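Engineer: Have a look at this one before I ask anything.
In UniProt numbering, the protein residues as written are 1 to 290.
Pasting the structure below:
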């Protein structure tokens, strides 16, 4: 057996055997629970009377160039509590995997990082290169299952539109200016949606926005004491547009460049190679005449 025990030193599982498939470059690891009893998910009591067992096939992160598949022997127990409706239950609390999961928790963590770092299609192609192949739909399911931390209230936010479908459907994105992270997505791009969100968050004192009149009107109607500022990108963009518009009016279409007529320009200066060739031609002509 390959010495993989240090990689599976879990509190609840022990490694029984490892089978190596050199042709398919796979490792099949057999594990089982160490616990003699398990807790009923309904009544919470511990029971040790076994009903049956079955094998769960779970994918794990690759080991060197080998794909790893775990065969975990899972037991079922009887619940002997008379007041509990759960007669038979499957043991819980296996740290390596989640209930009904077909991948280990650490493999899901790696795939979740890929899913949040790139698009689903690109992440699917990348996962195949890393020997943890999954489909784009599986990465999207991981994103939807991820529980996000509720954002802390902020007194400075940025508001801008974002596209569900470009040129067709837009919503409103609200970000925390301190952490630069999204804190809300409004499905409707309207002054009413912004006004309602602002009325529910009275702690906001500064709003960074673009030149949209919808945003301006909604913020003023919700609280006139809120300071509205133009965000950096639109400030630079507007400055560049005004500069391109005003600059030709101020300096004219052309700016005269002073020129020193005492020195001939480069285009009129004969090159040394051309001068030498001319002298050689004159010498040849003189020799022919002689």
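Just so it is clear, CB atoms sit at the ideal spot from N, CA and C, and this is done for glycine as well.
A quick note: this is a predicted structure, and the numbers were derived from the prediction, not measured.
Take residue 23 as the anchor and find which of 67, 160, 234, 75 has the nearest alpha-carbon.
Structural biologist: Position 23 of the chain shown, counted from the start, is the residue given in the question as residue 23. If we check each option's Cα against that of residue 23, 67 comes out closest.
Engineer: In whole angstroms, what is the alpha-carbon distance linking residue 227 and residue 208?
Structural biologist: Counting from one through the chain shown, the residue named residue 227 turns up at place 227. Counting from one through the chain shown, the residue named residue 208 turns up at place 208. For residue 227 and residue 208, the distance between alpha carbons rounds to 8 angstroms.
Engineer: Can you have a look at residue 40 and say buried or exposed, based on whether 16 or more other CB atoms are within 10 angstroms of its CB?
Structural biologist: As a position in the chain shown, residue 40 is number 40, starting the count at 1. Label assigned to residue 40: buried.
Engineer: Return helix, strand or coil for residue 110, following the three-state DSSP convention.
Structural biologist: What you label residue 110 is simply residue 110 of the chain shown in a count that begins at 1. Residue state, collapsed to three classes: helix.
Engineer: Are the CB atoms of residue 97 and residue 120 within a distance shorter than 8 angstroms?
Structural biologist: Stepping through the chain shown from its first residue, residue 120 is reached at position 120. Stepping through the chain shown from its first residue, residue 97 is reached at position 97. In this structure, residue 97 does not lie closer than 8 angstroms to residue 120 by Cβ.
Engineer: Tell me the rounded alpha-carbon separation between residue 165 and residue 89.
Structural biologist: Position 165 of the chain shown, counted from the start, is the residue given in the question as residue 165. Position 89 of the chain shown, counted from the start, is the residue given in the question as residue 89. C-alpha separation (whole angstroms): 46 angstroms.
Engineer: Between which two residues does the beta strand (DSSP E) carrying residue 21 extend?
Structural biologist: On the chain shown, residue 21 is found 21 positions in, with the first residue counted as 1. Segment 13–21, the beta strand (DSSP E) holding residue 21.
Engineer: Take residue 204 as the anchor and find which of 59, 122, 34, 153 has the nearest alpha-carbon.
Structural biologist: In the chain shown, residue 204 corresponds to position 204, counting from 1. Per the Cα distances, 153.
Engineer: Secondary structure at residue 171, three-state DSSP: helix, strand or coil?
Structural biologist: For the purposes of this step, residue 171 is identified with residue 171 of the chain shown, where counting begins at 1. Residue 171: strand per DSSP, three-state reduction.
Engineer: Between the C-alpha atoms of residue 151 and residue 47, what's the straight-line distance to the nearest angstrom?
Structural biologist: Here residue 151 refers to the residue found at position 151 when the chain shown is read from its first residue. Here residue 47 refers to the residue found at position 47 when the chain shown is read from its first residue. So the alpha carbons of these two residues sit roughly 41 angstroms apart.
Engineer: How about the region 43–58 and the region 68–83: do they share at least three Cβ pairs that are nearer than 8 angstroms?
Structural biologist: Flag = yes, the region 43–58 and the region 68–83 touch.
Engineer: DSSP three-state label for residue 180, please.
Structural biologist: Looking up residue 180 in the chain shown gives position 180. Coil.
Engineer: Within the continuous alpha helix (DSSP H) that includes residue 30, where are the two ends?
Structural biologist: Along the chain shown, read from residue 1 onward, the residue named residue 30 stands at position 30. Not the alpha helix (DSSP H): residue 30 falls in the beta strand (DSSP E), residues 26–33.
Engineer: Since residue 318 sits in a beta bridge, which residues does DSSP pair it with?
Structural biologist: Only positions 1 to 290 of the chain appear in the structure, and residue 318 is not among them; the question remains open.
Engineer: Taking buried to mean at least 16 other C-beta atoms within 10 Å of its own C-beta, is residue 103 buried or exposed?
Structural biologist: Working through the chain shown from its first residue, we reach residue 103 at position 103. The residue is buried, with at least 16 neighbouring Cβ atoms inside 10 Å.
Engineer: Please state the DSSP three-state secondary structure of residue 163.
Structural biologist: Your numbering for residue 163 matches position 163 in the chain shown. DSSP places residue 163 in strand when its eight states are reduced to three.
Engineer: Within its chain, find whatever has a CB closer than 6 angstroms to the CB of residue 230; leave out the 5 residues flanking it on each side and keep chain order.
Structural biologist: Within the chain shown, the letter at position 230 stands for residue 230. Hits under 6 angstroms: none found.
Engineer: Who are the near neighbours of residue 210 in its chain, counting only those whose CB is closer than 7 angstroms to its CB and skipping five residues on each side?
Structural biologist: Taking the first residue of the chain shown as position 1, residue 210 is located at position 210. Excluding residues within five positions, the ones whose Cβ falls inside 7 angstroms are 160, 231, 234.
Engineer: Around the Cβ of residue 218, are there at least 16 other Cβ atoms within 10 angstroms (buried) or fewer (exposed)?
Structural biologist: Mapped onto the chain shown, residue 218 falls at position 218. With 16 or more Cβ atoms within 10 Å of its Cβ, residue 218 is classed as buried.
Engineer: Which residue or residues does DSSP assign as beta-bridge partners of residue 46?
Structural biologist: Within the chain shown, numbered from 1, the residue matching residue 46 stands at position 46. Per DSSP, 39.
Engineer: With a threshold of 7 angstroms on Cβ separation, who are the neighbours of residue 127 within its own chain once the five nearest residues in sequence on each side are excluded?
Structural biologist: Your numbering for residue 127 matches position 127 in the chain shown. Excluding residues within five positions, the ones whose Cβ falls inside 7 angstroms are 111, 114, 133, 134.
Engineer: Just confirm the distance between the C-beta atoms of residue 60 and residue 107, as a whole number of angstroms; I'd bet it's less than 8 angstroms.
Structural biologist: To locate residue 60, count along the chain shown from 1; it is residue 60. To locate residue 107, count along the chain shown from 1; it is residue 107. Right, the Cβ-Cβ distance comes to about 6 angstroms (below 8 angstroms), so this counts as a contact.
Engineer: Which value, in whole angstroms, describes the spacing of the CA atoms of residue 99 and residue 117?
Structural biologist: Along the chain shown, read from residue 1 onward, the residue named residue 99 stands at position 99. Along the chain shown, read from residue 1 onward, the residue named residue 117 stands at position 117. Spanning the two alpha carbons is a distance of roughly 26 angstroms.
Engineer: Report the residue from 129, 248, 146, 157 whose alpha carbon sits nearest the alpha carbon of residue 105.
Structural biologist: One-based indexing of the chain shown puts residue 105 at position 105. Checking every option, the nearest Cα to that of residue 105 belongs to 146.
Engineer: Are the CB atoms of residue 20 and residue 27 nearer to each other than 8 angstroms?
Structural biologist: Position 20 of the chain shown, counted from the first residue, corresponds to residue 20. Position 27 of the chain shown, counted from the first residue, corresponds to residue 27. Against a cut-off of 8 angstroms, the Cβ pair of residue 27 and residue 20 comes out as a contact.
Engineer: Can you give the Cα-Cα distance for residue 142 and residue 185, rounded to whole angstroms?
Structural biologist: On the chain shown, position 142 is the one that residue 142 refers to. On the chain shown, position 185 is the one that residue 185 refers to. Approximately 20 angstroms, taken between the alpha carbons.
Engineer: Just list the residues that DSSP pairs residue 186 with in beta bridges.
Structural biologist: Within the chain shown, the letter at position 186 stands for residue 186. Per DSSP, 172.
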